[in-house]
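There are 2 protein chains.
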Amino acid sequence: MTLKILVADDHPLVLEGIRTLLQGIEPDLCVLEAKDFSEAKKIIAKELKLDLVILDLAMPEMDGMHSIVELRHTRPCLPIVIVSASEEASDIRNAINSGANGYIPKSSGNEVMQNALRLVLSGGLYLPAQWAALSRTNNNGEMLTLRQQEIMEQLAIGKTNKEIARIFAISDKTVKAHLSDIFKRLEVGNRTQAVHQAKKQGLLKSAGNN
Amino acid sequence: MTLKILVADDHPLVLEGIRTLLQGIEPDLCVLEAKDFSEAKKIIAKELKLDLVILDLAMPEMDGMHSIVELRHTRPCLPIVIVSASEEASDIRNAINSGANGYIPKSSGNEVMQNALRLVLSGGLYLPAQWAALSRTNNNGEMLTLRQQEIMEQLAIGKTNKEIARIFAISDKTVKAHLSDIFKRLEVGNRTQAVHQAKKQGLLKSAGNN
DNA sequence: TGAGATATAGGCCAAAAGTCCTATTGGCCA
DNA sequence: TGGCCAATAGGACTTTTGGCCTATATCTCA
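In order, the protein sequence lines correspond to chains A and B. Per the working numbering, the first sequence runs over residues 98 to 307. Per the working numbering, the second sequence runs over residues 98 to 307.
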């Protein structure tokens with residue numbers, strides 16, 4: 098029985114690369130291609146006998162994790178593998194939590210990728226090796242308190258300590274105290290870095306995506 | 098005479114894709130590979146009979162445009178093609194100004210890429226089709242100068258003035274001067290706001306991806 | 001009840017950031 | 001060639017930021 102695999106990526110180059118990889122695993126397989134998420138959805142709706150879907154995380158019309166949840170919902174048993182240029186722990190975690198069966202950084206070696214794909218095809222779950230190290234350094238739950246999140250939102254749009262103090266009707270001393278605490282928790286040294294880090298870790302809504 | 102081509106990209110997938118593309122142009126050619134910029138430099142220093150270098154713009158140890166200038170300087174006649182996920186008008190312009198012979202967005206179709214590579218191999222200069230449209234829509238004064246854009250990128254990841262000064266080997270006074278100028282142009286009052294504003298206006302890549 | 005987390009806030013101090021000047025250099029353009 | 005601009009940098013100054021310490025008042029959980 099030939100495998101039928103959908104590869105969705107907006108970069109033809111990557112499409113080409115993945116196809117070559119797949120043929121290295123199993124020369125006799127059927128590769129379908131999509132260049133954006135809505136095209137991928139159409140194919141998935143039509144092709145009921147798909148064995149695997151490989152998705153680029155940064156793809157036109159692909160709303161990141163949201164799109165994974167959507168797919169997982171319509172096809173609960175279809176193996177989904179995310180291929181992405183990002184190696185952020187938060188991206189990996191979110192993808193898996195959203196229902197992906199594997200997450201392969203684009204920087205992975207050819208054999209690693211092939212093995213990862215084999216693993217997922219046989220029903221497994223693949224996570225990159227760095228994951229363990231990353232998730233160890235990167236903490237567990239809820240990073241910031243409610244107040245700190247509120248303050249972070251103001252921080253992200255460039256408010257000064259004084260302005261933040263006025264907004265929440267507290268002393269700027271208190272704002273500083275919160276910020277010092279935030280910096281320690283995020284392991285950063287200044288407000289701009291804190292904003293950057295918070296966005297990376299998904300602690301801040303929007304702003305980033307525009 | 099067989100062509101000898103160096104492909105430098107840290108994503109094995111893309112490497113694979115480019116190799117396939119190249120073989121479509123000319124089955125009998127020699128493809129060398131590098132996974133970061135310093136490796137690429139080593140190969141270029143050793144291989145005197147190179148016909149083409151294909152560089153990923155976002156590569157480890159690759160300092161963007163600076164690296165292109167460096168290469169162009171050591172090998173004035175070596176055709177350099179940039180392959181990049183970015184389609185920013187400023188990136189395209191800067192790459193060409195830095196001495197690249199072509200700029201191919203990763204989103205280009207296979208035939209487009211092959212033709213672009215053929216064109217450059219035969220001594221031409223390739224620019225993506227969107228270029229005209231982009232440079233038309235993309236503003237007049239570009240909002241920020243090249244240097245200011247470089248500084249903004251460091252700002253966005255939370256670097257201090259001192260760190261930025263060290264990175265570009267200039268005085269922190271100069272960094273401050275640039276920042277003051279940036280703040281005026283973006284009509285903001287501090288660095289965090291500047292980052293926020295720059296992201297809103299699409300003057301900064303990433304934001305989300307990183 | 002007592003420990004721990006959270007939110008508040010003050011003082012003190014050092015470092016960083018930002019503004020306003022001026023000034024020089026090199027490129028480009030009309 | 002003279003004007004303009006980008007990039008560089010220095011001085012002098014004020015404001016902001018951030019670290020560290022202490023000290024309340026709640027609130028929760030064991």
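The beta-carbon is built from N, C-alpha and C at its ideal position, and this holds for glycine as well.
Using only the heavy atoms of the ligand ADP, determine whether one of them is closer than 7 angstroms to the beta carbon of residue 148 of chain A. In the structure on display, the ligand ADP does not appear, and there are no ligands present to speak of.
In the segment 152-176 of chain A, which residues sit with their C-beta less than 7 angstroms from some C-beta in chain B, listed in chain order? The segment 152-176 of chain A vs chain B, Cβ under 7 angstroms: 155.
Since residue 130 of chain B is in the beta strand (DSSP E), which residue starts that stretch and which ends it?
Start and end: 126-131.
Query raised in the report: Checking contacts by CB at 8 angstroms: is residue 203 of chain A closer than that to chain B?
Result: So yes, residue 203 of chain A belongs to the interface.
* Asked: Mapping DSSP to helix, strand and coil, what is residue 96 of chain B?
  -> Because residue 96 of chain B is not part of the residues shown, which for chain B are 98 to 307, the question remains open.
- How many whole angstroms separate the CB atoms of residue 126 of chain B and residue 119 of chain B, which I take to be in contact at a CB cut-off of 8 angstroms? Taking a contact as a CB-CB distance under 8 angstroms, the pair residue 126 of chain B and residue 119 of chain B counts as one, their CB atoms being some 6 angstroms apart.
Three or more beta-carbon pairs under 8 angstroms between the segment 99-110 of chain A and the segment 138-157 of chain A, yes or no?
-> These segments touch.
Check your understanding: How many angstroms separate the CA atom of residue 167 of chain A from the CA atom of residue 183 of chain A?
Key -> Answer to the nearest angstrom: the Cα atoms are 21 angstroms apart.
**Message:** Taking the alpha-carbon of residue 255 of chain A as reference, which of B:288, B:263, B:245 and B:283 has the nearest alpha-carbon?
**Reply:** Comparing Cα-Cα distances from residue 255 of chain A to each of B:288, B:263, B:245 and B:283, the minimum goes to B:288.
inquiry  = 8 angstroms is my cut-off, CB to CB: does residue 189 of chain B come that close to chain A?
reply    = Chain A has no Cβ within less than 8 angstroms of the Cβ of residue 189 of chain B.
DSSP on residue 285 of chain B, reduced to helix/strand/coil?
-> If DSSP states are grouped into helix, strand and coil, residue 285 of chain B belongs with coil.
With a cut-off of 8 angstroms, does the C-beta of residue 118 of chain B fall near any C-beta of chain A?
Nearest CB-CB separation between residue 118 of chain B and chain A: below the 8 angstroms threshold.
Check whether the Cβ atoms of residue 217 of chain B and residue 198 of chain B sit closer than 8 angstroms, and answer yes or no. A contact, by the Cβ cut-off of 8 angstroms.
Environment of residue 253 of chain B [buried if 16+ CB atoms lie within 10 Å]
Buried is the label assigned to residue 253 of chain B, since at least 16 other Cβ atoms lie within 10 Å of its Cβ.
>> For residue 280 of chain B and residue 295 of chain B, which I take to be in contact (beta-carbon distance under 8 angstroms), what is that distance rounded to the nearest angstrom?
In response: Contact doesn't hold; Cβ gap of about 11 angstroms is too wide.
| field | Length-filtered (4 minimum) alpha helix (DSSP H) runs lying within the segment 164-218 of chain A | value | Listed in chain order, the complete alpha helix (DSSP H) runs (minimum 4 residues) inside the segment 164-218 of chain A are 186-194 and 207-218.
Exercise. Tell whether a beta-carbon distance below 8 angstroms holds between residue 193 of chain B and residue 172 of chain B.
Key: 8 angstroms or more divides the Cβ of residue 193 of chain B from the Cβ of residue 172 of chain B.
Given this structure, state the Cα-to-Cα distance separating residue 272 of chain B from residue 163 of chain B, to the nearest angstrom.
Here the C-alpha atom of residue 272 of chain B lies approximately 18 angstroms from the C-alpha atom of residue 163 of chain B.
ask   = Of all the options B:204, B:169, B:123 and B:154, which has the alpha carbon lying nearest to the alpha carbon of residue 132 of chain A?
value = Of the candidates B:204, B:169, B:123 and B:154, the residue whose Cα lies closest to the Cα of residue 132 of chain A is B:204.
Which residues, in order along the segment 237-261 of chain B, keep a beta-carbon less than 7 angstroms from a beta-carbon of chain A? Cβ contacts with chain A: 252, 253, 254, 255 and 257.
Q: Find the nearest neighbour of residue 123 of chain B within the set B:201, B:114 and B:215, judged by alpha-carbon distance.
A: Taking the Cα of residue 123 of chain B as reference, the smallest distance to any Cα among B:201, B:114 and B:215 is reached at B:215.
Consider the Cβ of residue 212 of chain A: report whether some Cβ of chain B lies at a distance smaller than 8 angstroms.
-> Cβ-Cβ to chain B under 8 angstroms: no for residue 212 of chain A.
Next on the checklist: Please report whether the beta-carbon of residue 114 of chain B lies at a distance below 8 angstroms from any beta-carbon of chain A.
Outcome noted: For residue 114 of chain B, at least one C-beta of chain A is nearer than 8 angstroms to its own C-beta.
Notebook entry, point to check: Do you know how far the Cα of residue 121 of chain B is from the Cα of residue 207 of chain B?
Noted result: For residue 207 of chain B and residue 121 of chain B, the distance between alpha carbons rounds to 10 angstroms.
* Asked: Between the beta-carbon of residue 188 of chain B and the beta-carbon of residue 156 of chain B, is there less than 8 angstroms?
  -> Their beta carbons are not under 8 angstroms apart, which means residue 188 of chain B does not touch residue 156 of chain B by this criterion.
| residue 246 of chain B, buried or exposed, once every other Cβ within 10 Å from all chains shown has been counted against 16 | Buried, because 16 or more other Cβ atoms sit within 10 Å of the Cβ of residue 246 of chain B.
Simplified DSSP state of residue 102 of chain B, which is helix, strand or coil = Note: residue 102 of chain B maps to strand in three-state DSSP.
Margin query: Going by DSSP in three states, residue 278 of chain A sits in which element: helix, strand or coil?
Written below: Residue state, collapsed to three classes: helix.
Margin query: Is it buried or exposed, residue 241 of chain B, if we count other Cβ atoms within 10 angstroms and call 16 or more buried?
Written below: Residue 241 of chain B comes out buried.
Requested in this report: Select from B:270, B:276, B:251 and B:274 the residue whose C-alpha is nearest the C-alpha of residue 264 of chain B.
Outcome: Closest option to residue 264 of chain B, judged by alpha-carbon separation, among B:270, B:276, B:251 and B:274: B:251.
Quiz item: What did DSSP end up calling residue 254 of chain B once you bin it into helix, strand or coil?
Solution: Three-state DSSP puts residue 254 of chain B in coil, outside helix and strand.
**Item:** Partners in chain B for residue 285 of chain A, counting only beta-carbon separations shorter than 9 angstroms
**Value:** Ordered by position in chain B, the residues that pass the 9 angstroms Cβ test against residue 285 of chain A are 255.
Q) With a cut-off of 8 angstroms, does the C-beta of residue 216 of chain B fall near any C-beta of chain A? A) Residue 216 of chain B does not count as touching chain A.
Problem - Top-ranked residue by Cα proximity to residue 224 of chain A, from A:200, A:210 and A:177 - result: With distances taken between Cα atoms, residue 224 of chain A lies closest to A:200.
_Buried or exposed for residue 170 of chain B, going by 16 or more other Cβ atoms inside 10 Å?_
Under this definition residue 170 of chain B is an exposed residue.
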